[in-house]
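Counting the sequence shown from 1 gives a position; the numbering used here is that position plus 56.
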Amino acid sequence: MAIDKLLVKLGLAYVAKKLDGKKTLIGAAGKALTGVATIITGIVGLAGNLWPDSGLPAMDQDAALGMIGVGAFAISSAFTSLGVAHKIEKAVALEEATAK
């Protein structure tokens, strides 16, 4: 195995070890940000529909309300993932404590 491939493999193994148990937390934060962005997009679409001369992009009312609903679902899904992440972190901490 070439030295560069070995270094890449060792580097990726180190990063994976450091992120163990945090990947779910990172994914939940991404879901929450996506949900907030989707809600803001829906609100801007509604505002563009209500005030056409404002320069905001107009969006159909049903589509805008649908985007707000999808954003709320994404945020609730993120909170569920955060609960799962907390349970994983507790299990990893317990495993590390018993290993010592």
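Note that the Cβ used here is the ideal one computed from N, Cα and C, for glycine as well.
Lys-78 in three-state terms, based on DSSP: coil
Residue burial classification, Ser-132 (beta-carbon count within 10 angstroms, cutoff 16): exposed
According to DSSP, is Asp-109 helix, strand or coil? helix
Considering Cα atoms alone, identify which of Gly-101, Gly-122, Met-123 and Leu-121 is closest to Ala-114. Gly-101
Local conformation of Met-115 per DSSP, three classes: coil
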